[in-house]
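Using the numbering used here, read the sequence shown as starting at 1494 and increasing by one per residue. Quick notes on the structure that follows.
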Amino acid sequence: MVHVFTQKSKERNNMDLYSMIQNGAHFKVEVTSEDLVTFADRLITKSQEIKAMELANNPDEEKWLTAEEAAKMCRVCATTLWSWAKSGYLVPAKMGRQRLFALSDIQKILNDRAKK
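Take a look at the structure:
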């Protein structure tokens, strides 16, 4: 529930916040801490969805692998991936709670192994 106090009147109105924003209204918003946490969670989720879509829709850009895929490709266990990340040998990018490994980094490691 959003309670809005407009600058023109100090009375409290329950209105659709999105409609007010679209109409260019100037207002102050009063929210509960629970509403604020919910908003932050939704914002983070939406941001992650957009980033995931961008990664999926840009085939020319870097391809990312999950930890399971990276471990399988390198023929190592998850603990080894964790150790490599900790030592800086193969550092994952984080997308929310998920660790993603750049395919190009994995290919470099595999090429280095093949040379030895």
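C-beta: ideal position from N, C-alpha, C; glycine also.
Residue i versus residue j - alpha carbon distance
i	j	result
Trp-1557	Ala-1595	5 angstroms
Asp-1528	Val-1522	11 angstroms
Thr-1538	Phe-1532	10 angstroms
Glu-1547	Arg-1592	17 angstroms
Pro-1585	Phe-1520	43 angstroms
Lys-1587	Glu-1555	14 angstroms
Met-1566	Ser-1526	45 angstroms
Ser-1576	Ala-1545	26 angstroms
Val-1569	Ser-1597	17 angstroms
Assigned secondary structure, residue i (DSSP; H/G/I helix, E/B strand, else coil)
i	result
Asp-1605	helix
Lys-1565	helix
Leu-1596	helix
Gly-1589	coil
Asn-1550	helix
Leu-1536	helix
Ala-1518	coil
Val-1584	coil
Distance CB(residue i)-CB(residue j) smaller than 9 angstroms
i	j	result
Ala-1563	Leu-1536	no
Ala-1560	Ala-1571	yes
Gln-1515	Gly-1589	no
Beta-bridge partners of residue i, as assigned by DSSP
i	result
Leu-1558	Phe-1594
Per-residue burial, residue i [other beta carbons within 10 Å of its own, 16 or more giving buried]
i	result
Arg-1505	In this predicted model, Arg-1505 has a pLDDT of only 49, less than 50, meaning its place in the structure is not dependable; the value taken from the coordinates is given anyway. Exposed.
Leu-1603	exposed
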